[in-house]
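Working notes, structure below.
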Amino acid sequence: AHESMYHALGQSTIMFMQAVLTIDMSDIKAAQEAIRQGVEVCNRFRRRTSTVARMLLRPDYTTYTIEEVHAELCYAECLLENAILTFIEDQSLVTFIKGGLKIRSCYQSYKECMQMLATRNWESSREKGHFESGVHLGVGAFNLLISQLPTRILKLLEFIGFSGNKTVGLRELEEGCMLQDYLRGPLCSVVLVAYHTFVLYILGLGDGDLELSDKLVKGLLSKFPQGVLSLFFNARMYQVKGQIDNAVTQYYEAIQAQNEWIPFHYICYWELLWCHNFKCDWDKAIETANILREGCRWSKATYVYIQAACMYAKLVEGSTELLEDIANLLRQVPALKQRIAGKSIPIEKFVVKKSQKFFDNGQRLTLPAVEIMYMWNSFPMIGRNEKLLLRILCLIENAVPEVTKRKEEDERFIDDYCLAMLLKGVCKRYMGHPLQAEECFLEVFKYQNQILEDTYLLPFAAAELGFLAVQQQQYTKAKEWLDQARTNYHDYLLESLVHFRIHSALKSLRSNGHLSSRSNPTTPSPTNSPFPSPLNTPTHAVKVNGFPYLSTSPGITKKVIHPPISTAEGGIVGAD
């Protein structure tokens, strides 16, 4: 690792992944040290050219050795890993600017690699293919990463000097996937599948390209049949398609495939926890949550709360002897809350608040297991399996009479009633009953001035009305509700999750031509640069007349809050 650039990159990448999975400061520091060593090794192989020389004379990349061009690519990847760790370590404004500048330096290296790919006289197609796969991976992942950030973050990044384009990112990665026989081709597949099956489910609307992902996963399985990533993503494909029994089997196979990297086991157990919850298999869910609680350091508060929530579901079904155990678990949650990068984890804030509410309301909660599934955006998966969806709807409808009665006796329980209505509306939306779903969501707004603690119910209900309108192709109405959810409510639990989903929905509407598009400057890529796409680039050198080096992008126009909406009952929704 001290002599070979690829050994150094490999070591730093493994340490980087370990740090991301554990979020442990000792692992983060160890990863940063490994990356620093990787950068030093890459620098020994890079061609050093002064900035003045570059301004006066464009480098002749044909004179670069194969080691020098690969050193530039490895250097860019090390810089990207270092920038991401900077954000994880601390999220202050100063650190954000430092991380942004590191990402900019990284992308400058990727632009250099793009120039090399386009203009260098490659001695063999194989040499070019290995390098090209890395360029597609870096440029594609970079554009995809930046494009998913909320508008306020994008504004800051544009101030630093760059922006991302999702279409460009997806195209670059898909082109990289065509290079499966080259070094980073399979990694392009991994990033694409992760985007379509994880990112779009956690931070989006669960509308990933499952057909493409399925093809890519099958390709990974044919190439690496016992690879843990192949098995893991195959399990995830079953999960997002609602085939939960198959997903459970595959996750256990992924766990058994290796014992060297234990943190990866906990990723599988985390997904297994949700699978058991989807099936309402509370015993298995409790057992899996306990495995995570005892072994995984990422968010013990969340694991303990989910374990208690599953036990509460059993209590409602008749296991009343569990009440004391539930109370003991929920007492632990506030003390287990942690701060990562100087910030509290949003989901931990949520479970701490819910744990406190359990005791404030006389050791009662309403549908905690279903609520946490909804907050983790599980319904796009559950909604693909009618049997699972009906089972969860049954749980909700069984709870409605009790919360309705409590609501009439004590206004403190209006929050619980509105939560049940929100969850019922979500089930109805995925069952294809739009009128019933809308009725449930609007029921929440009837009590908007009486909700005491769970203020997040209003923006979530507004967002759901927006998503429902999108399904019904009522795009103007959808935008009104989504804008209301985004702009009318602040400082509530899991606010960032709502904003990510709204951002995804509005972006989808614009890209499909249903809303007017704003200017959307793109980060340069091999396919929007003035020189030809690398896929069509010959192995001989070509002349490049210019290159779009980064410049500050135009600012984003701020959205205006839409007018209040009249309801069927004559009330006003969203009025300040």
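So that you can map any letter, position 466 of the sequence shown is 466 in UniProt numbering, and since no number is skipped, the others follow by simple counting. Where is the CB? At the ideal position from N, CA and C, for every residue including glycine.
{"Check": "Compare the C-alpha of Phe232 against each of Arg104, Ala247 and Cys394 and name the closest.", "Outcome": "Ala247"}
{"Check": "Taking just the CA atoms, how far does Leu80 sit from Cys113?", "Outcome": "14 Å"}
{"Check": "If I follow the unbroken alpha helix (DSSP H) through Cys296, where does it start and stop?", "Outcome": "Note, Cys296: premise wrong, no alpha helix (DSSP H); not H, not E."}
{"Check": "What residues in its chain sit with their C-beta under 7 Å from that of Asp209, if we drop five residues either side in the sequence?", "Outcome": "His196"}
{"Check": "Taking the CB atoms as reference points, tell me whether Ile392 and Val370 lie closer together than 7 Å.", "Outcome": "yes"}
{"Check": "Please determine, among Lys314, Phe379 and Arg44, the residue with the shortest C-alpha to C-alpha distance to Met431.", "Outcome": "Phe379"}
{"Check": "Given Met375, which residues of its chain have a CB within under 8 Å of its CB, disregarding the five upstream and five downstream residues?", "Outcome": "Ile347, Phe350, Leu494 and Leu497"}
{"Check": "Excluding the 5 residues preceding and the 5 following Gln450 in the sequence, name in chain order all residues of the same chain whose CB lies nearer than 8 Å to its CB.", "Outcome": "Glu411 and Ile414"}
{"Check": "Closer than 6 Å by C-beta to Val41: which residues in its own chain qualify, once you throw out the five before and the five after it? Chain order, please.", "Outcome": "Met5 and Ala8"}
{"Check": "How far does the alpha helix (DSSP H) with Ala478 in it extend, from its first residue to its last?", "Outcome": "Tyr475 to Thr487"}
{"Check": "State the CB to CB distance for the pair Arg120 and Tyr61, rounded to an integer number of angstroms; the pair is presumed to be in contact (CB under 8 Å).", "Outcome": "4 Å"}
{"Check": "Which word fits Ser566, buried or exposed, when buried means at least 16 other C-beta atoms lie within 10 angstroms of its C-beta?", "Outcome": "Because the pLDDT at Ser566 is just 38, under 50, the model does not fix this residue reliably, and the value given afterwards should be weighed accordingly. Exposed, because fewer than 16 other Cβ atoms sit within 10 Å of the Cβ of Ser566."}
{"Check": "What three-state label does DSSP hand Arg58 in the structure shown?", "Outcome": "coil"}
{"Check": "Which of the three DSSP states, helix, strand or coil, is assigned to Lys223?", "Outcome": "helix"}
{"Check": "Classify Gln115 as buried or exposed, calling it buried when 16 or more other Cβ atoms lie within 10 Å of its own Cβ.", "Outcome": "buried"}
{"Check": "Give me the Cβ distance between Lys354 and Tyr305, rounded to the nearest whole Å; I'm assuming they're in contact under 8 Å.", "Outcome": "7 Å"}
{"Check": "Give a yes or no on whether the C-beta atoms belonging to Leu137 and Cys106 are separated by under 7 Å.", "Outcome": "no"}
{"Check": "Is Lys241 helix, strand or coil when you go by DSSP?", "Outcome": "coil"}
{"Check": "Following the continuous alpha helix (DSSP H) through residue 581, name the residue where it begins and the one where it ends.", "Outcome": "With the chain represented from 1 up to 576, any question about residue 581 goes unanswered, as that position is not in the structure."}
{"Check": "What residue from Trp274, Leu292 and Glu132 has the CA that sits closest to Ile202's CA?", "Outcome": "Trp274"}
{"Check": "Identify, in the order they occur along the chain, each residue of the same chain with its Cβ nearer than 7 Å to the Cβ of Arg46, setting aside the five sequence neighbours on each side.", "Outcome": "Glu68, Ala71, Glu72 and Tyr75"}
{"Check": "Let's test the definition: count the other Cβ atoms within 10 Å of the Cβ of His490 and tell me whether it reaches 16, buried, or not, exposed.", "Outcome": "exposed"}
{"Check": "Do Cys78 and Ser12 come within 7 Å of each other at the CB atom, strictly closer than that value?", "Outcome": "yes"}
{"Check": "Find the nearest neighbour of Trp261 within the set Met15, Asn377 and Glu211, judged by alpha-carbon distance.", "Outcome": "Met15"}
{"Check": "Pop quiz: Phe445 and Ala505 are said to be a contact at Cβ under 8 Å. What is the actual Cβ separation, rounded to whole angstroms?", "Outcome": "Not quite, the Cβ-Cβ distance comes to about 19 Å (not below 8 Å), so this is no contact."}
{"Check": "Does DSSP put His2 in a helix, in a strand, or in coil?", "Outcome": "coil"}
{"Check": "Taking only three categories from DSSP, how would you classify Asp214?", "Outcome": "helix"}
{"Check": "Where does Thr366 fall in DSSP's three states?", "Outcome": "coil"}
{"Check": "Go ahead and pull the three-state DSSP assignment for His433.", "Outcome": "coil"}
{"Check": "Using the rule of at least 16 other Cβ atoms within 10 Å of the residue's Cβ for burial, across every protein chain shown, is Gln250 buried or exposed?", "Outcome": "buried"}
{"Check": "Using a 10 Å radius around the Cβ and a threshold of 16 neighbouring Cβ atoms, would you call His2 buried or exposed?", "Outcome": "exposed"}
{"Check": "Which runs of the alpha helix (DSSP H) fall wholly inside the segment 407-451 and span at least 4 residues, in chain order?", "Outcome": "414-431 and 434-446"}
{"Check": "Using 8 Å as the cut-off, can you tell me whether the segment 176-194 makes contact with the segment 126-146, which would need three or more C-beta pairs spanning the two stretches below that distance?", "Outcome": "yes"}
{"Check": "Sorted by chain position, which residues of the same chain lie with C-beta nearer than 8 Å to Arg184's C-beta, five sequence neighbours on each side aside?", "Outcome": "His130, Ser133, Gly134, His136, Leu137 and Gly176"}
{"Check": "If we ignore side chains and look at the alpha-carbon of each, how far apart do Leu117 and Asp214 end up?", "Outcome": "30 Å"}
{"Check": "In whole angstroms, what separates the C-alpha of Leu212 from that of Gln436?", "Outcome": "33 Å"}
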